[in-house]
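Under our numbering, the first residue of the sequence shown is numbered 7, with each subsequent residue one higher.
The C-beta atom is built at its ideal place from N, Cα and C for all residues, glycine as well.
Quick caveat: nothing in here was measured; it's all calculated off a predicted structure.
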Amino acid sequence: MILAQDLKSQIRYNKMITMGGNTDGLTPVDQSKLKLSSPKSTAAGIPAVISSAVHSIKKMGPMKTIKTLKMVNQKDGFDCPGCAWPDPEHSSPFEFCENGAKAVADEAMKANVNRKFFAKYTVKELSQRSDYWLNSQGRIAEPMYLKRGESNYKPISWTEAFSLISKKLNTLDSPNNAVFYTSGRTSNEAAFLYQAFVRMYGTNNLPDCSNMCHE
Numbered sequence: 007m008i009l010a011q012d013l014k015s016q017i018r019y020n021k022m023i024t025m026g027g028n029t030d031g032l033t034p035v036d037q038s039k040l041k042l043s044s045p046k047s048t049a050a051g052i053p054a055v056i057s058s059a060v061h062s063i064k065k066m067g068p069m070k071t072i073k074t075l076k077m078v079n080q081k082d083g084f085d086c087p088g089c090a091w092p093d094p095e096h097s098s099p100f101e102f103c104e105n106g107a108k109a110v111a112d113e114a115m116k117a118n119v120n121r122k123f124f125a126k127y128t129v130k131e132l133s134q135r136s137d138y139w140l141n142s143q144g145r146i147a148e149p150m151y152l153k154r155g156e157s158n159y160k161p162i163s164w165t166e167a168f169s170l171i172s173k174k175l176n177t178l179d180s181p182n183n184a185v186f187y188t189s190g191r192t193s194n195e196a197a198f199l200y201q202a203f204v205r206m207y208g209t210n211n212l213p214d215c216s217n218m219c220h221e
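Here it is, written out as structure tokens:
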């Protein structure tokens, strides 16, 4: 079942548990765009500014790009999701790097995926796509459900989604038979409420994205 908005994390999670044998659990290797060049003698500069602008405008649009990038790593803004940017005593209007701008653009992208997308692509087809491609498709627009033995996710209502979850949780022999997962895009507030619910349910089987992706 998809309830998160992060398509890449959900598809990779589904591959890990194989969803009843619908995927092989292996991330595809894409070497089609590998390039070998001489070491660079300079970094950043005008090319980095242009690259940041092009990527951000493509993902967010011109007005949202200007508004959003002006808030990155600012006292009245938000921290860059790409790294631990230091807090200078006297900040400049642009406290971010090229990769930071791209990370922000990915988080704030306008694109989303809906039921037509999932009707077009089977789970097996999605599992064979790269992480970059999956992430570029956008956020999931509605709850989707994959029935055992089927090849495509289908839309369901939020009421149906929570009903399926509660029914399954209430039929387990022990709360420790359940595992709960959070995406890296989950806010601190949402993650706090989620972990409180899990512990009230009776288990601490709550690995986060760092457990799944980095360890």
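Opening and closing residue of the alpha helix (DSSP H) in which residue i lies
i      : result
Ala125 : 121–126
Val55  : 52–66
Leu212 : No alpha helix (DSSP H) holds Leu212; DSSP gives it neither H nor E.
Tyr138 : 137–142
Ser172 : 164–176
Ala109 : 104–113
Leu132 : 129–133
DSSP-derived helix/strand/coil call for residue i
i      : result
Pro34  : coil
Val185 : coil
Arg205 : helix
Tyr151 : strand
Lys73  : helix
Asn158 : coil
Ala197 : helix
Met22  : Reliability of the predicted coordinates at Met22 is poor, the pLDDT of 45 falling under 50, and the value obtained from them is presented with this limitation in mind. Note: Met22 maps to helix in three-state DSSP.
Whole-angstrom C-beta distance between residue j and residue i, which should lie under 8 Å
i      : j      : result
Glu113 : Ser57  : Incorrect: roughly 17 Å between the Cβ atoms, too far for contact.
Glu148 : Asn182 : Rounded, the Cβ-Cβ distance is 31 Å, inconsistent with contact.
Ser157 : Val129 : 6 Å
Leu140 : Leu132 : 7 Å
Residue i vs residue j beta-carbon contact at 8 Å
i      : j      : result
Tyr138 : Met150 : no
Tyr127 : Leu175 : no
Ala107 : Ser62  : yes
Phe78  : Cys86  : Strictly speaking, residue 78 in this sequence is Val, with Phe absent from that position. Closer than 8 Å, so yes.
Met115 : Gly144 : yes
Lys65  : Ala111 : yes
Gln134 : Pro34  : yes
Ala202 : Thr188 : no
Lys76  : Pro99  : yes
Met211 : Val185 : The identity of residue 211 in the sequence shown is Asn, whereas the question assumes Met. Yes.
Phe102 : Trp91  : yes
In DSSP terms, what residue i is bridged to
i     : result
Val78 : Phe84
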